[in-house]
Structure formats: structure tokens, C-alpha cells
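Below you'll find the structure, written out as C-alpha cells, and then a few comments.
In our numbering, the protein residues as written are 553 to 785.
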């Protein structure tokens with residue numbers, strides 16, 4: 553992965569101050585096609601809603617918990633942890649569960665959350681399941697599609713691969729911003745332009761917020777005129 557420049561590091565810290573919907577809206581200003589792609593498109597469970605947004609580079613894997621364990625399970629798991637250990641930069645573990653909503657086991661729980669936190673991960677995103685909701689470290693964020701009691705036959709199917717999390721198609725090393733709402737991919741090429749896009753989006757929304765704050769009563773025409781200005785700004 554290409555190393556972060558000092559400027560990029562500062563921008564990453566800056567955009568952590570904004571929620572994921574704001575980042576998504578701002579990215580749409582840079583590329584309107586991102587209205588329908590590049591972000592999760594299903595409600596997810598968030599383990600630590602009070603945490604600030606997380607941002608990091610994707611380390612990816614595909615798992616299954618329904619298929620009974622194969623003879624390579626230890627070898628595959630060793631390769632998984634070796635891969636996840638690598639990288640001295642902010643990381644987010646992005647895991648696609650092949651079983652989707654039909655999963656019988658949770659990969660994410662107190663143990664794996666603790667391991668990945670100490671590997672340098674800020675959080676994890678999965679269409680699969682998590683458990684140990686009261687025990688997971690409060691510094692580690694998890695967004696999951698499901699919650700389960702057991703871990704089934706959890707095993708690694710693939711690592712360092714393309715994954716799909718509720719229509720968010722993630723490649724290894726993609727930059728991701730996530731919070732209680734879900735997750736969005738930030739193209740590296742857009743990172744430098746993003747702070748200005750955020751400011752533009754905030755200024756755009758301020759047109760409506762200021763109008764509503766200053767006018768307790770208003771006519772339909774007054775509102776529509778202001779809304780037109782908002783749309784065209």
C-alpha cells in the first residue's frame with residue numbers, strides 16, 4: 553500500500569470529526585455516481601455508538617460458519633492472522649460472511665476484537681455476526697449485519713480479496729469511513745479534495761438551516777425559493 557503523506561494524515565484526522573452521512577454527501581459532490589454505490593445499503597448493528605467515526609484502510613477476508621471444519625482450518629487461520637498483523641497504519645477489518653443472514657456463528661466477539669485492536673485495527677465491518685456485546689473493548693468499533701450466540705464452524709475461506717458488504721464493494725487497501733450509520737469508501741484520489749467538499753456541503757445545508765432558524769413562520773413561496781437556492785448552490 554502507498555504510504556500516507558503528512559497532508560493525507562492530517563486530512564484523515566480532520567474528517568474523523570464528521571459523521572459518515574456527511575462524508576457520503578461530500579463525496580457525491582466530487583462524483584455524483586456515488587449516490588448509488590460505494591457505501592453500505594442495509595441497517596447494521598453498531599457495538600459502540602458513542603465512538604467517533606473510524607477511518608482506516610481495509611484488510612479483507614471471506615469466512616463461513618455453516619460448513620463443517622476442513623483439514624486446512626489451522627493453516628488458513630494462521631495465514632489470516634499473519635496477514636492481519638501486517639501494516640503499521642490505521643486498519644479496518646472488512647469481512648464478508650458467505651452465509652450472509654443465514655450465518656450460524658459470530659466471528660466477532662471479545663477475543664477477536666481484542667486481538668485485532670492490538671494488531672492496530674480501529675474497528676471491523678461485516679455482513680456476518682458479532683456477539684459478546686457487553687464485553688467487547690469500548691475502543692474498538694464493530695458494524696455487523698447479525699448478532700449470534702455461538703460461533704458455529706467459523707473458518708477462513710479467503711484473505712486479501714475483494715468483498716461485498718451490503719453492496720459496498722471493497723478491495724484490499726480501500727480507505728473506509730464508518731460510524732453508527734454504516735460505512736463509505738473514500739477513493740484515495742478524492743482524499744485531498746474532500747475537506748473542501750465537506751465545507752461546501754455544510755455551507756449548502758446552512759442555507760436551509762439558517763432560513764428555518766430565522767423564520768418561525770413563512771409562506772410556501774418563501775420556502776420554495778430558498779430550497780431552489782439550496783439545490784442550485
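We put the CB at the ideal spot given by N, CA and C, even for glycine.
> Which same chain residues, not among the five before or five after residue 724, have their C-beta less than 8 Å away from its C-beta?
Replying inline: 610, 611, 612, 712, 713 and 714
>> According to DSSP, is residue 673 part of a helix, a strand, or is it coil?
In response: strand
> Which term fits residue 636, buried or exposed, when burial requires 16 or more other beta carbons within 10 angstroms of its beta carbon?
Replying inline: buried
> What residue from 702, 735 and 750 has the CA that sits closest to residue 617's CA?
Replying inline: 702
> Across which residues does DSSP place residue 659 in a beta bridge pair?
Replying inline: Residue 659 is not bridged to any residue.
>> Helix, strand or coil, according to DSSP, for residue 648 in the structure here?
In response: strand
> What are the residues that DSSP puts in a beta bridge with residue 698?
Replying inline: 681
>> If I follow the unbroken beta strand (DSSP E) through residue 593, where does it start and stop?
In response: Note, residue 593: premise wrong, no beta strand (DSSP E); not H, not E.
>> Let me confirm a value: residue 605 is counted as buried when at least 16 other C-beta atoms fall within 10 Å, else exposed. Which label applies?
In response: buried
>> Given this structure, state the Cα-to-Cα distance separating residue 581 from residue 683, to the nearest angstrom.
In response: 37 Å
> Can you tell me the Cα-Cα spacing of residue 589 and residue 629, whole angstroms?
Replying inline: 31 Å
> Can the beta-carbon of residue 669 be found closer than 8 Å to that of residue 689?
Replying inline: yes
>> Cutting at 8 Å between CB atoms, please list the residues of its own chain near residue 661, excluding the five before and the five after it.
In response: 682, 683, 684, 687, 688 and 703
>> What does the alpha-carbon distance come out to for the pair residue 740 and residue 772?
In response: 42 Å
> From what residue to what residue does the beta strand (DSSP E) around residue 612 run?
Replying inline: 606-616
> Do you know whose CA, among 622, 566 and 782, lies nearest residue 706's CA?
Replying inline: 622
> Given a threshold of 16 other Cβ atoms within 10 Å of its Cβ, counted over all protein chains shown, does residue 576 qualify as buried or as exposed?
Replying inline: buried
> Out of 728, 726 and 732, which has the shortest C-alpha to C-alpha gap to residue 697?
Replying inline: 732
> Where does the unbroken beta strand (DSSP E) through residue 781 begin, and where does it stop?
Replying inline: Careful: residue 781 lies outside any beta strand (DSSP E), inside the alpha helix (DSSP H) at 772-784.
>> What residue range does the alpha helix (DSSP H) around residue 631 cover?
In response: 625-637
> Any idea if residue 578 is buried or exposed, counting beta-carbon neighbours within 10 angstroms, 16 or more meaning buried?
Replying inline: buried
>> By the three-class DSSP mapping on this structure, what secondary structure does residue 731 have?
In response: strand
> In the structure shown, what three-state DSSP assignment does residue 720 receive?
Replying inline: strand
> Taking Cβ positions, are residue 592 and residue 680 nearer each other than 8 Å?
Replying inline: no
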